[in-house]
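Only one structure is covered here, and it is reproduced in the block below.
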Amino acid sequence: MDRPETTFPLDAPIAAAARAVEPRVVAWRRDIHQHPELGNREVRTSALVAQHLRSLGIEVREKVAHTGVVGVLRGGRPGPVVALRADMDALPVTEEVDLPFKSTVRTEWNGMSCGVMHACGHDAHTAILMGVAEVLAGLRDRLPGTVKFLFQPAEEGAPGDEEGGARLMIEQGCMDDPKVGAVFGLHVTSNHPTGMLGYRSGAMMASSDELRVFLRGVQTHGAMPWRGADPIVVGSQVVVGLQTIVSRRLDITHEPSVVTIGVFQGGNRVNIIPDEVKLEGTIRAFDEGQRGEIHAHVKRITEMIAAAGGAKADVRIRRGYDVVVNDPALTDWSVPVLKRVAGDSNVGIVDKVCGAEDFSFYQKVVPGFFFRVGCTPPDRDLRTAAPNHSPRLFVDEACLPQGVRALATLAAGWLSGPHA
Ligand SMILES: [Zn+2]
Ligand SMILES: [Zn+2]
37 MDRPETTFPL DAPIAAAARA VEPRVVAWRR DIHQHPELGN REVRTSALVA
87 QHLRSLGIEV REKVAHTGVV GVLRGGRPGP VVALRADMDA LPVTEEVDLP
137 FKSTVRTEWN GMSCGVMHAC GHDAHTAILM GVAEVLAGLR DRLPGTVKFL
187 FQPAEEGAPG DEEGGARLMI EQGCMDDPKV GAVFGLHVTS NHPTGMLGYR
237 SGAMMASSDE LRVFLRGVQT HGAMPWRGAD PIVVGSQVVV GLQTIVSRRL
287 DITHEPSVVT IGVFQGGNRV NIIPDEVKLE GTIRAFDEGQ RGEIHAHVKR
337 ITEMIAAAGG AKADVRIRRG YDVVVNDPAL TDWSVPVLKR VAGDSNVGIV
387 DKVCGAEDFS FYQKVVPGFF FRVGCTPPDR DLRTAAPNHS PRLFVDEACL
437 PQGVRALATL AAGWLSGPHA
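Per the working numbering, the very first residue in the sequence shown carries number 37; after that it's consecutive.
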């Protein structure tokens, strides 16, 4: 990986092919946008993807991790295997952007009726990767190796108790046969203007774990608290106690982290002290060691505060997504490629994000590089651009051909570059 390239023979044909496929990428994106599907329910989307890949002569495996599609494009010459990933799922959000292809799809979510929207831009990711497949299939004779296309369901999390997403794709063999050597992925973001590509070496996005605490006290009359053990008072102390983990226990000069309680439930009447209180929250970290420390502190602080108040604590932490860590060597190799695609001044280092991404699981198997693609029209104010997951997220379609070029050039370059 120490052979920096300044030119690459496939740059020009990839750029031309990306331009040629642009109208279709836009059309796919609009079609997918108008027909969004929630995680593990991407039936229509994955059928569209599978049909397109087959039409290009790409080997297709369907129903991977429920609704995922894995495509294998074997190049004209032998070589390593590179994987490109796009997520396909939408969110239970009611669209407020006034587009001719606005989503009017509705669903039931947590017992309530709501809309479905590609509020995280995964419609753009899917359309971009379909475009990349077309570009690279047209150049297959010149590819020294194999490109694997990972169209992944349920990045936002599988519904209910279902399994899903990157973890299940890997369990079901998407990184094997043929064995993948590196993985690339992108995400559109309204934090940056169209034309900008952002990256970060090392930790880029946080791990995300769910916290559930049940505090069992002793029910009593609100006028006679001494006859019971009040889980509401204990719960309040636990909330405050947990805030001392980041502020007092962790070396914040190493990495930032977050502990948030988002749910505090208990009681149903002004003068009754309830038996039990439930707390729920989220834990974000950028370092595996600190993530483990936080878990231990959460357990100890909660149990000891509960014991001091005469209550019992049941602490449950469900590990969610791992930290998105861009392999430093692969990042060093990828950045010049992005600069060839976007221009030197349009590629920059971005801040860490406390959001999570299950792209991290692929990066645990092989070196991976995840980057951001700006999608806010340059004439709009970035400070007021609606963020990802907003009902008002707006994706400037001018970012699509850039995404196609970036992923296609990374894949073709990686097959020919570090391994040549
Ligand atoms: Zn999202
Ligand atoms: Zn997303």
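We treat Cβ as the ideally placed atom computed from N, Cα and C, and that holds for glycine. Small disclaimer: the values here were computed from a predicted structure and weren't measured.
Residues near H88 in its chain [Cβ-Cβ closer than 6 Å; skip 5 each side]:
Excluding positions up to five away in sequence, the list reads M166.
Check whether V409 and V133 have beta carbons under 8 Å apart:
Not closer than 8 Å, so no.
Beta-carbon proximity of G302 to E316, cut-off 8 Å
Contact annotation: G302 and E316 have beta-carbon atoms that are not nearer than 8 Å.
Please report the straight-line C-alpha distance between D323 and V361, rounded to a whole angstrom.
The alpha-carbon atoms of D323 and V361 are separated by roughly 9 Å.
CB-CB under 7 Å to V371, same chain, minus the five flanking residues each way: which ones, in chain order?
Sequence-distant partners of V371 (beyond 5 residues in either direction) whose C-beta falls short of 7 Å from its own C-beta, in its chain, are Y235, V383.
Counting C-beta neighbours from all protein chains within 10 Å, is the total for M240 16 or more, i.e. buried, or is it exposed?
A residue is called buried once 16 or more other Cβ atoms fall within 10 Å of its Cβ, and M240 is buried on that count.
Go ahead and label R327 buried or exposed: buried means 16 or more other beta carbons lie within 10 angstroms of its beta carbon, across all protein chains shown.
So R327 counts as buried.
Ligand 1 and H425: does any heavy atom of the ligand fall closer than 7 Å to the residue's C-beta?
Indeed, a heavy atom of ligand 1 lies less than 7 Å from the Cβ.
Which same chain residues, not among the five before or five after D417, have their C-beta less than 8 Å away from its C-beta?
Cβ within range, chain order: n/a, list empty.
Measuring only the C-alpha atoms, how far is H257 from R354?
C-alpha of H257 to C-alpha of R354: approximately 35 Å in a straight line.
Would you decide whether M260 is buried or exposed? Buried here means 16 or more other CB atoms lie within 10 Å of its CB.
By the 10 Å Cβ count, M260 comes out exposed.
For the putative contact between E73 and A126, defined by C-beta atoms under 8 Å, what is the C-beta separation to the nearest angstrom?
About 6 Å separates the two Cβ atoms, so the contact holds.
Where does T162 land, buried or exposed, given buried means 16+ other C-beta within 10 angstroms?
Around the beta carbon of T162, 16 or more other beta carbons lie within 10 angstroms, which makes this residue buried.
Is the beta carbon of P214 closer than 8 Å to that of V108?
Yes, Cβ-Cβ distance for V108 and P214 is below 8 Å.
According to DSSP, is R142 helix, strand or coil?
In the structure shown, R142 adopts extended strand secondary structure according to DSSP, grouped into three states.
Does the beta carbon of P78 fall short of 7 Å from some heavy atom of ligand 1?
It should be noted that the sequence gives Glu, not Pro, for residue 78. Checking the Cβ of E78 against ligand 1 gives no.
Rounded to a whole number of angstroms, what is the C-alpha to C-alpha distance between V431 and G253?
Going by the C-alpha atoms only, they are around 50 Å apart.
Under 7 Å: does the beta carbon of C156 sit that close to some heavy atom of ligand 1?
Yes, the Cβ of C156 comes within 7 Å of a heavy atom of ligand 1.
Quick check: does the Cβ of D123 come within less than 7 Å of any heavy atom belonging to ligand 2?
D123 Cβ: within cutoff of ligand 2.
State the Cα-Cα distance for the pair E393 and K184, rounded to the nearest angstrom.
Between the alpha carbons of E393 and K184 lies a gap of roughly 20 Å.
For A122, which option in A422, Y398, R428 has the closest C-alpha, if you only look at C-alpha atoms?
Nearest C-alpha to A122: Y398.
I'd like to know if the region 189 to 196 and the region 165 to 181 are in contact, where contact means that at least 3 CB-CB pairs between them fall below 8 Å.
Touching, no.
If we call anything under 8 Å between Cβ atoms a contact, is P128 one with L451?
Their beta carbons are not under 8 Å apart, which means P128 does not touch L451 by this criterion.
Unbroken beta strand (DSSP E) run spanning C150, endpoints:
Per DSSP, the unbroken beta strand (DSSP E) holding C150 starts and ends at 148 to 151.
If I measure Cβ to Cβ from A48 and keep anything under 6 Å in the same chain, skipping five residues before and after, which residues do I get?
Nothing listed; no residue qualifies.
Residues that T182 bridges to, as DSSP identifies them:
T182 is bridged to R110, V117.
May I have the straight-line CA-CA distance separating L222 from F407, to the nearest angstrom?
Spanning the two alpha carbons is a distance of roughly 5 Å.
Using a Cβ-based criterion (distance less than 7 Å to any ligand heavy atom), does E192 qualify as near ligand 1?
Correct: E192 has its Cβ closer than 7 Å to ligand 1.
Between the alpha carbons of H331 and V61, how many angstroms are there, rounded?
Going by C-alpha positions, H331 is about 44 Å away from V61.
For A218 versus P364, is the C-beta distance shorter than 8 Å?
For A218 and P364, no; Cβs fall outside 8 Å.
Could you give the residue range of the alpha helix (DSSP H) that holds Q326?
Its alpha helix (DSSP H) spans residues 324 to 344.
Expected contact under 8 Å - CB spacing of I319 and V274 to nearest Å
About 14 Å separates the beta carbons of I319 and V274, which is beyond the 8 Å limit, so they are not a contact pair.
DSSP on D125, reduced to helix/strand/coil?
In the three-state DSSP reduction, D125 falls in the coil class, being neither helix nor strand.
If I measure Cβ to Cβ from E433 and keep anything under 7 Å in the same chain, skipping five residues before and after, which residues do I get?
Hits under 7 Å: V62, R65.
Take P292 as the anchor and find which of A321, E144, R376, A422 has the nearest alpha-carbon.
Cα-wise, what sits closest to P292 is A321.
Assuming V377 is part of the alpha helix (DSSP H), what are its boundary residues?
It spans 364 to 378 - the alpha helix (DSSP H) in which V377 sits, taken as one unbroken run.
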